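Protein chains in written order, with this note's numbering: chain A, 7 to 641; chain B, 81 to 279.
For every residue, glycine included, the Cβ atom is placed at its ideal position computed from N, Cα and C.
Please read these numbers as outputs of a predicted model, since none were measured by experiment.
One structure below.
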Ligand SMILES: Cc1ncc(C[n+]2csc(CCOP(=O)(O)OP(=O)(O)O)c2C)c(N)n1
């Protein structure tokens, strides 16, 4: 699809928040963008990839967030307007270069997009990354709508360029994944090449330099505090009712809608804040001194509230300040929670009454599951059998990716799971303290490259016995199929050098390295048992790479090229209703009938054929042969 | 213009995001303001999907419980799950198709039970056989457009988007889906016209 973000100036287009951020960067003359994928940030750099050729700019999927930020920083200190994007927890990975980037400042713009996930729609926590701004002395800009996201991103670049300082653009799931109309403006010609000017006093943070840089940083911060006062995105909509609401980022939209529904839009003042770090002090002071009571509405932590209270204290004002006593701190803001808070603050009546539709029927939950034909399912099945038959007690050290779904029944093979790369890192600890059990680290291909390799080197060096299973489905599947260093291609589809997981494992000193095809259950089981025996006997790490592409990739490729997939059916005469295929294997394409027998939904079956392998009664057979080309798509 | 609040629901992969984006593009063509909140990432792997579409004077993306004007659904369990968005004057437009959640040993209601439960709420319900109509149009891929045709025929979108702007948006889709989608839109439209006694 030709990218909508390259429309004509003046044109109004429907953009996703993340596409709007990408467009804003393009309007600012962006020359470099790097990122590691992560919901809800992924589409920013995905969109920039789609226009990189047209614009002649450098866009890359980096191996992890730390490298993405370091590379973008280098581009920025060489005079190129740069962006690094990541999900909120990605900033933890990139925190080291982030802190230093504020000390040195930058030559040209560096905008770090942090896409936070209040509500934890697809994350392990809901950390509020505005704290990073306070912690690192980096200003935080927070847009409230797709249209504002575009403009604020563009102006974040201008601000960063003018102040020679990085800027954090903070988005959230709701903003990143909300679509709205955006009017395009003229784009500056992109500058993708720069020149690094040697200046050791400035670019090397050895203690002697860093001590001086810290003094300069605080001076610069003082100027930044003055500059944010002038940004048009912060504004006070004043009314005479004596009450005011301070709304930061996306809270502004909810507050305006709530006031409209409560018929209070012309009574209650609103201070709209788009820069929450540092806070525009004069505007806040104006609100505090001209109203009797103020409500701070912000998502997650009381960042703005804390500052507003501090300002009131310093200025000896006794304005009533409310915030997290009325607004939810846990989970995302919604029109409902904000309207309740505003109603509570103003004494107005909450406007919506749900219909009294009593539901007596039990509604089954519908959590996400591994797809039909997913190689991870076959791997879990084979691994469980291998562990049981080897008579070892396993600690399944888990990681983040589609295979995290292995935490659920029927597999329940993710015993501890904290962050990306943690499977191997934690296995190093389990290996030495719980010697009765064998740590089995389960990690995806993208995650292996992201943060798994140092843990593996540690296991070799510190002789930590563990089985590492790398689930190589040839792509970063969970975040929407981005390439990584092991895939052999770039986001543009062009071929790339391929880093092989087996080579990495052997290269760092792992002596037992095997490769399996998870669709071949018998062979997989055998090789996994071999590896388990090696770990038990040699007390050293072993690596097994389970290689089969993500079924969604194959499905899409088959459809695109008109290649017929195989199809399996259940022979109802042979089926005994044992349930192994739909319970123990749990393929969503296999439906239990009323009599307990199994049936395959032809619309869902991808033809992987693993169910035919596991059926103890040979009741599942090929109904339609696939195209000979189909098998070749997988590797 | 008063806000029109819609909740579109179903299961990952049913085309709800495309359905919402089609409404959104049509709104941009008409000069109607629109905000669409989507579900991406993990939540899409065969899980429940909810998309919120707000048209008119809106500044924020979500629909409050009790605040939906329309609940449109391609799966009956998800319709029931999302009834919390229904207020007294909500219209529910749903296919009766039921997709079994993939949980070992889970008990799933029968379609008939689900329909009975839905009717017992006393809410305004329009059954739209979107999958059957899409199949007739050439592919079940177009079930989302059959549902949209029904929504347009209901008259509830009047003043926000028109059928002709939706058709314009569809005609910009890749050629191989254009005809099927237009046909499905038409069949959905005709179905609801007939329900309302206009045909
Ligand atoms: C620090 C960090 N960055 C990014 C993410 C988002 N994320 C979740 S899983 C995943 C990658 C999964 O890819 P892979 O390991 O190949 O497993 P797959 O989903 O393909 O099975 C990413 C990038 C995250 N959770 N944490």
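Expressed to the nearest angstrom, what Euclidean distance is found between the alpha-carbon atoms of residue 275/B and residue 208/B? Counted from its first residue, the second chain places residue 275/B at position 195. Counted from its first residue, the second chain places residue 208/B at position 128. Spanning the two alpha carbons is a distance of roughly 9 Å.
Applying the 10 Å Cβ sphere with the 16-neighbour rule, what's the burial state of residue 138/A? Stepping through the first chain from its first residue, residue 138/A is reached at position 132. Buried is the call here.
Using only CA atoms, which one of 81/B, 166/B, 190/B and 131/B lies nearest to residue 99/B? Within the second chain, residue 99/B is the residue found at index 19, counting from 1. Checking every option, the nearest Cα to that of residue 99/B belongs to 131/B.
Can you look up residue 38/A in the DSSP assignment and give me helix, strand or coil? Position 32 of the first chain, counted from the start, is the residue given in the question as residue 38/A. The answer is strand: DSSP assigns residue 38/A an E or B state.
Closer than 6 Å by C-beta to residue 458/A: which residues in its own chain qualify, once you throw out the five before and the five after it? Chain order, please. As a first step, residue 458/A is located in the first chain; it is residue number 452 there, counting from the start. Hits under 6 Å: 427, 430 and 449.
As an exercise, report each continuous beta strand (DSSP E) stretch of at least 3 residues that is fully enclosed by the segment 199–241 of chain B, in chain order. 204–207
Return no unless some Cβ of chain B is closer than 8 Å to the Cβ of residue 592/A. Counted from its first residue, the first chain places residue 592/A at position 586. Yes, residue 592/A lies at the interface with chain B (some Cβ there is under 8 Å from its Cβ).
Are the C-beta of residue 260/A and some C-beta of chain B separated by less than 8 Å? The residue given as residue 260/A occupies position 254 in the first chain. Residue 260/A counts as touching chain B.
How long is the line joining the alpha carbons of residue 551/A and residue 178/A, rounded to whole angstroms? Position 545 of the first chain, counted from the first residue, corresponds to residue 551/A. Position 172 of the first chain, counted from the first residue, corresponds to residue 178/A. Roughly 35 Å between the two C-alpha positions.
Would you identify the three-state DSSP class for residue 7/A, choosing helix, strand or coil? Position 1 of the first chain holds residue 7/A. Low confidence applies here, because residue 7/A scores a pLDDT of 45, under 50, leaving its location unreliable; read the following figure in that light. Correct three-state label for residue 7/A: coil.
Proximity test, Cβ basis, 8 Å: residue 236/B and chain A: The residue given as residue 236/B occupies position 156 in the second chain. Chain A, which has no Cβ nearer than 8 Å to the Cβ of residue 236/B, makes this no.
For residue 404/A and residue 298/A, the rounded distance between their alpha carbons: Walking along the first chain from the start, residue 298/A turns up at place 292. Walking along the first chain from the start, residue 404/A turns up at place 398. Distance between the alpha carbons of residue 298/A and residue 404/A is about 52 Å.
Quick check: is the beta carbon of residue 19/A nearer than 8 Å to any beta carbon in chain B? Translated into positions along the first chain, residue 19/A becomes position 13. Chain B, which has a Cβ nearer than 8 Å to the Cβ of residue 19/A, makes this yes.
Cross-strand partners of residue 521/A (DSSP beta bridge): The residue you call residue 521/A lines up with position 515 of the first chain. Note: residue 521/A sits in a beta bridge opposite 551/A.
What separation, rounded to the nearest whole angstrom, lies between the Cα atoms of residue 205/B and residue 199/B? To locate residue 205/B, count along the second chain from 1; it is residue 125. To locate residue 199/B, count along the second chain from 1; it is residue 119. Going from the Cα of residue 205/B to the Cα of residue 199/B covers about 7 Å.
Check whether the segment 42–50 of chain A touches the segment 203–222 of chain A, taking contact to mean three or more Cβ pairs, one atom from each stretch, closer than 8 Å. no
Proximity test, Cβ basis, 8 Å: residue 197/B and chain A: Within the second chain, numbered from 1, the residue matching residue 197/B stands at position 117. So yes, residue 197/B belongs to the interface.
In the structure shown, what three-state DSSP assignment does residue 153/B receive? Sequence index remark: in the second chain, residue 153/B carries index 73 (1-based). The answer is strand: DSSP assigns residue 153/B an E or B state.
Applying a beta-carbon distance threshold of less than 9 Å, which residues of chain A neighbour residue 201/B? As a first step, residue 201/B must be located in the second chain, where it is residue number 121. Those within 9 Å of residue 201/B in chain A are 361, 362, 363, 364 and 365.
Closer than 8 Å by beta-carbon distance: list the chain A residues that pair up with residue 101/B, in chain order. In the second chain, the residue the question calls residue 101/B occupies position 21. The answer, in chain order, is 20 and 185.
State yes or no: is the C-beta of residue 134/A within less than 8 Å of the C-beta of residue 307/A? One-based indexing of the first chain puts residue 134/A at position 128. One-based indexing of the first chain puts residue 307/A at position 301. Yes, they are a contact pair.
Partners in chain A for residue 194/B, counting only beta-carbon separations shorter than 8 Å: As a first step, residue 194/B must be located in the second chain, where it is residue number 114. Under the 8 Å cutoff, chain A gives 367.
For residue 317/A, collect the residues of the same chain with a Cβ closer than 7 Å to its Cβ; drop the 5 residues on either side in sequence, then sort them by chain order. Against the first chain, residue 317/A aligns to sequence position 311. The answer, listed in chain order, is 287, 290, 291 and 294.
Check residue 210/A in the structure and name its three-state DSSP category. If you number the first chain from 1, residue 210/A lands on position 204. Here residue 210/A sits in coil by DSSP.
Secondary structure of residue 173/B, DSSP reduced to three states: Counting from one through the second chain, the residue named residue 173/B turns up at place 93. DSSP places residue 173/B in strand when its eight states are reduced to three.
Per-residue burial, residue 456/A [other beta carbons within 10 Å of its own, 16 or more giving buried]: Working through the first chain from its first residue, we reach residue 456/A at position 450. Residue 456/A comes out buried.
Please tell me whether, using a cut-off of 7 Å, the distance from the CB of residue 412/A to the nearest non-hydrogen atom of ligand 3 is below it. As presented, the structure is devoid of ligand 3, carrying ligand 1 as its sole ligands.
Below-8 Å beta-carbon distance, residue 224/B vs any chain A residue: Working through the second chain from its first residue, we reach residue 224/B at position 144. Not one chain A Cβ lies under 8 Å of residue 224/B.
Taking any Cβ of chain A, which residues in the segment 162–176 of chain B have a Cβ under 7 Å from it, in chain order? 163, 164, 166, 167, 168 and 170
Is residue 240/A close to chain B? Criterion is C-beta to C-beta, closer than 8 Å. Within the first chain, the letter at position 234 stands for residue 240/A. Chain B, which has no Cβ nearer than 8 Å to the Cβ of residue 240/A, makes this no.
Compute the Euclidean distance between the alpha carbons of residue 218/B and residue 211/B, then round it to the nearest angstrom. The residue you call residue 218/B lines up with position 138 of the second chain. The residue you call residue 211/B lines up with position 131 of the second chain. Cα to Cα, residue 218/B sits roughly 10 Å from residue 211/B.
Do residue 545/A and residue 469/A have their beta-carbon atoms positioned less than 8 Å apart in this structure? As a position in the first chain, residue 469/A is number 463, starting the count at 1. As a position in the first chain, residue 545/A is number 539, starting the count at 1. Yes. Within cutoff.
Where residue 143/A falls, given that 16 or more other Cβ within 10 Å makes a residue buried: The residue labelled residue 143/A in the question sits at position 137 within the first chain. By the neighbour-count rule (16 or more Cβ atoms within 10 Å), residue 143/A is buried.
By the 9 Å beta-carbon criterion, what residues does the segment 401–419 of chain A contribute toward chain B? 408, 410, 411, 414, 415 and 416
On the premise that residue 279/A lies in contact with residue 254/A, defined as a C-beta separation below 8 Å, what is that separation, rounded to the nearest angstrom? For the purposes of this step, residue 254/A is identified with residue 248 of the first chain, where counting begins at 1. For the purposes of this step, residue 279/A is identified with residue 273 of the first chain, where counting begins at 1. Yes, residue 254/A and residue 279/A are in contact; Cβ-Cβ is about 4 Å, under 8 Å.
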